[in-house]
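**Student:** Same order as they appear, the protein sequences are chains C and Z. Sequential numbering of the first sequence, starting at 6, is according to my numbering. Sequential numbering of the second sequence, starting at 53, is according to my numbering. Backbone N, C-alpha and C define an ideal beta-carbon position, used for all residues, glycine too. Sending over a structure as structure tokens; questions will come in a sec.
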Amino acid sequence: MSIKLRELIRNVRACKSSAEERKVIFKECALIRTSFKEKVDTGLRHRNVAKLLYIHMLGYPTHFGQMESLKLIASPKFIEKRIGYLALMLLLDETQEVLMLVTNCLKNDLKHKNPYIVGLALCSMGNISSADIARDLSNEVIRLFRSGNPYIKKKAALCAIRIVRKVPEMISDFIEPASSLLSTKQHCVLVSGIALIIEMLQLKKKTASKFRKLVPQLVRHLKNLLLAGYVSEFDVVGITDPFLQCKIIELLRLLGTGSSRASEEMSDILAQVSINTEPSKNPGNAILYECVQTIMAIDAEDGLRHLAINILGRFLLHRDNNIRYVALNTLCGVIHTDTSSIQRHKNHIVDCLKDPDVSIRRRALDLIYALVTKNNVSGLVRELVNYLSVTSGDEEFKRMLTDKIVLVTEKFTPSKLWHLNTLLSLVEIAGEVTRESVAANAVLVVGHNATLQPYAVHRMYSSLKKQVVPSEALRRLAIFLIGEYGNHLVSAEGTASANKNRNSESKQEKFVQKTPEEVIGTIKYIISRPTCTPKVKAYVLNALVKLSTRFSGASEQELIAGLIKKYTSSMSVELQQRSCEYTRLLELGNEAVKSKIVSTMPTPEKLIRQTEKKVGEDDDDDDDDDDDEDEDEDEDEDEDEDSEEEEQDTRSKRKHRSTKKPAKKTTPKIEQKAAAAAKPA
Amino acid sequence: MIHFFLLQNRQGQTRIAKWYSPFEHAEKKKLQAEVYRTLIQRPSKHTNFVEFRNYSIIYRRYKGVFFIICCDPSDNEMAMLEAIHLFVECLDDYFVEVCELDLVFNFYKVFALLDEFILGGELQESSKRVILDRMALIGDFEKKSK
């Protein structure tokens, strides 16, 4: 009728499909349900509940078993109580109201003579009691603190942790009993007692003053552990009870923060532990880790702090990934207080950046960002940019890296050329993940420094040609620069100046003067690629119309006009509009007007701050182009009536177009334009 | 504080699950699946510590079973790793060369062992001998009371 637990497990495992398994389970559930409804106690209830637990662990609903487990708990037989409490812990949790019914049973069991039964009750209470149960039974638990049996004492201590977590107001009741727990020699009671005190300190910091008198006792315990020879019971690879040592050191940390007297009392023993503990195996490292955290948290003297940082430095060299991770984590926490001593380990941290494990890479990146100062910025950034070029795959990490590089370059720049070089490298290497502001800032730097313009345009031109599939950001930046400063590409002085600024150590080739046909040919190639987005094409049209004044030959003009004209019937309204307007503009006889319209753009003062927008999402440059050309047209005095009308048409069209676009973040550029436009009007 | 303790095999089946914080039934299932997905992808050379939601997971694989502890980020990760190892040693001694089938057929004994080792999310006993002695005593007492 009722099969054994083993049979059930065997049957379920023998099922070939989940449908078959469900059949077996439901059949068994039905049998169990009928047997529960029976009035007579067959003595098999605990077996049925055990089967029910197995079914629960497989994931099936088993709510009907909750009341049965309560009946089991109330039974006097030990084996039934045991299964009953296990069922209680598995099937119920503190949010269920059924739990209240258990309170009475728990109370009786806590008073029981048999220590194992008391242990069972404490165990269940410690795992799932709710706030109400905690309040009702806390007195019992405090009484059990004083029991002679260490087994009971330690369980009572851990139960108390749960009570103070659920009912923080009772912390004051437990302070005295907890302190008394520490005067024992039993390791298990010490571990539990210390855990209880740690919990109380974390919940209510004011209790620290009451516990500080325990520091000498704790120091003594720790000393005994260190000096004890081989104790087989607690020995783990040669270290006596690393768990207890870690717990004591953690408690010392909480007691030592903010109190210089306590910190003084513990410095000796901390130094001793740090020096004597064997760092070759994991338990030793666990203790050293805890020690380092404690030393950094308390008011330690400098010698001790240096010791701690040296230990962390040694951790960084360890083969084990875990230890390096933990070291990087800790260094991140203390970087602000001890920057100078950590600088020594800079090289190791940069090595960690190349680790295959992504969690280590991220930690190393955070740490490097915090370590950068004026002196080491060029070296570190060079490393970071090199690393960017070899890393592949992890998009998110690349993005974080580029962001950090940009932040760092903004904070500390030794020279404008270096700044420009870094920004251009970023766009070249990681264009897909850079934000809009990187290219924009590069343009700014170029705009402010006329000497750098030929270098910038030459460099971007060669990158554009060299890369097989240039990123969107690279294309836009390069085409913009070509349009603005194309004259430097084709002139001898431009090329010479560019070569002067070129970094002779790097593998960059010497810049060569280009012919106009070459440049136009490159642009034609870019625009004909299928991967060219409409935005890039719009940039190209702008660049072409600017080049019409930069390049003077007649054949070039024809080429340019031809290229632009192709888009007069484009499917994209934007391209069509631009193409038509520029074609008209090019046909205009008046050179003065033309050259004014397509002259180099004025640059704003401030660097554009990074925002959440990325490449391809938002387009401030178009707006600025329009506004700029608007303003230039406003300044014009034109005699030719036809062209005036046309210009009014185009002006109104442009104004209409720029107002059509929703108001985006007003860059300083637009504000300046608005201010300047308001003046002559 | 330890929030939960899981034993999962490589196919994703949870053999033992002990929860020390209240979670909804549906959430428990989701957590188990998510933890499994996170761990199965990690190659063995990676660290044994993973950041998971706002907890931190410490795990280690013994034969075909993952032993997983989920705790607060402020806890000492390496001490948790040691705790896992101690637990495995206890299981090994108690069941004499433990294998996954032992965990399936004797789950109530594994739970009892776990209850001697961790209580309320904190470590209870650091001595293997005491734990095993206790288990033996309780086993005897149970037999006598039958």
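(1) Using only the alpha-carbon positions, how far apart do C:Phe417 and C:Tyr294 sit?
(2) Would you mind sorting C:Gln653 into buried or exposed? The rule is 16 or more other CB atoms within 10 Å of its CB.
(3) Any C-beta of chain Z sitting closer than 7 Å to the C-beta of C:Asp141?
(4) At 8 Å on the CB atoms, spell out the chain C contacts of Z:Gly116, in chain order.
(5) According to DSSP, is C:Leu322 helix, strand or coil?
(6) At least one CB of chain Z closer than 7 Å to the CB of C:Leu256: is that the case?
(7) Are Z:Phe118 and Z:Gln60 touching if we call contact CB-CB under 7 Å?
(8) Does C:Ile84 get closer than 7 Å to chain Z when you measure Cβ to Cβ?
(9) Assess, as a yes-or-no matter, whether the segment 134 to 150 of chain C is touched by the segment 92 to 112 of chain C under the definition of 3 or more beta carbon pairs within less than 8 Å.
(10) Can you grab the Cα-Cα spacing for the pair C:Met100 / C:Phe69, in whole Å?
(11) Keeping to the same chain, check which residues put their C-beta closer than 8 Å to that of C:Val172; ignore five residues upstream and five downstream.
(12) Mind listing which residues of the segment 166 to 183 of chain Z have their C-beta closer than 7 Å to chain C's C-betas, in chain order?
(13) What's the gap between the Cα of C:Ala267 and the Cα of C:Phe320?
(14) Spatial neighbours of C:Glu640 within its chain, please: C-beta separation below 6 Å, excluding the five flanking residues on both sides.
(15) Let me know the secondary structure DSSP gives Z:Ser126 once reduced to three states.
(16) Indicate the three-state DSSP secondary structure (helix, strand or coil) for C:Glu12 in the structure shown.
(17) Pick helix, strand or coil for C:Ser264, following the three-state DSSP scheme.
(18) Straight-line CA distance for Z:Asp192 to C:Lys86?
(19) Hey, how far is the Cα of C:His117 from the Cα of C:His311?
(20) Which residues of chain C have a Cβ atom closer than 8 Å to the Cβ of Z:Leu133, listed in chain order?
(21) Could you check how far apart the C-beta atoms of C:Leu482 and C:Gln472 are, in whole angstroms? I think they sit under 8 Å.
(22) Just checking: is the beta-carbon of C:Val196 within a distance shorter than 7 Å of some beta-carbon in chain Z?
(23) Which two residues bound the contiguous beta strand (DSSP E) that contains Z:Lys70?
(24) Sort C:Thr262, C:Pro221 and C:Gln581 by Cα distance to C:Lys540 and report the nearest one.
(25) Going along the chain, which unbroken runs of the beta strand (DSSP E) with 3 or more residues stay wholly within the segment 399 to 464 of chain C?
(26) By Cβ distance below 7 Å, which residues in the same chain neighbour Z:Asp127 in space, the five residues on each side in sequence not counted?
(27) Excluding the 5 residues preceding and the 5 following C:Ile14 in the sequence, name in chain order all residues of the same chain whose CB lies nearer than 7 Å to its CB.
(28) Which residue's Cα is closest to the Cα of C:Val351: C:Ala291, C:Ile314 and C:Arg324?
(29) With three or more beta-carbon pairs closer than 8 Å as the criterion, would you say the segment 175 to 191 of chain C touches the segment 210 to 226 of chain C?
(30) Short check: CB of C:Met94 to CB of C:Ile30, under 7 Å?
(31) Alpha carbon to alpha carbon, what distance is there between C:Tyr121 and C:Arg167?
(32) Ignore the nearest five residues each way along the sequence and tell me which others in C:Glu388's own chain have a CB closer than 7 Å to its CB.
(33) Between C:Glu99 and chain Z, is any beta-carbon pair separated by less than 7 Å?
**Tutor:** Quick look at the numbers:
(1) 34 Å
(2) Reliability fails at C:Gln653, whose pLDDT of 45 lies under 50, so the model's placement of it is uncertain and the value that follows must be treated cautiously. Looking at its Cβ environment, which holds fewer than 16 other Cβ atoms inside 10 Å, C:Gln653 is exposed.
(3) no
(4) Simply none; closest approach about 16 Å.
(5) coil
(6) no
(7) yes
(8) yes
(9) yes
(10) The sequence shown places Thr at residue 100 of chain C, rather than the Met named in the question. Distance between the alpha carbons of C:Thr100 and C:Phe69 is about 17 Å.
(11) Ala136, Ala139, Arg140 and Ser143
(12) Asp167, Leu171, Gly172, Glu174, Leu175, Gln176, Glu177, Ser178, Ser179, Arg181 and Val182
(13) 28 Å
(14) Bear in mind that a pLDDT of 36 at C:Glu640, under 50, signals an unreliable position, so the number given afterwards is only what the model happens to contain. Closer than 6 Å at Cβ, skipping near neighbours: no residue.
(15) coil
(16) helix
(17) coil
(18) 15 Å
(19) 55 Å
(20) Asn287, Ala291 and Asn327
(21) Actually they do not touch by this definition, with Cβ atoms about 12 Å apart.
(22) yes
(23) Thr66 to Trp71
(24) C:Gln581
(25) none
(26) none
(27) Tyr59
(28) According to the sequence as given, residue 351 of chain C is Lys; it is not Val. It is C:Ile314.
(29) yes
(30) no
(31) 20 Å
(32) Val355
(33) yes
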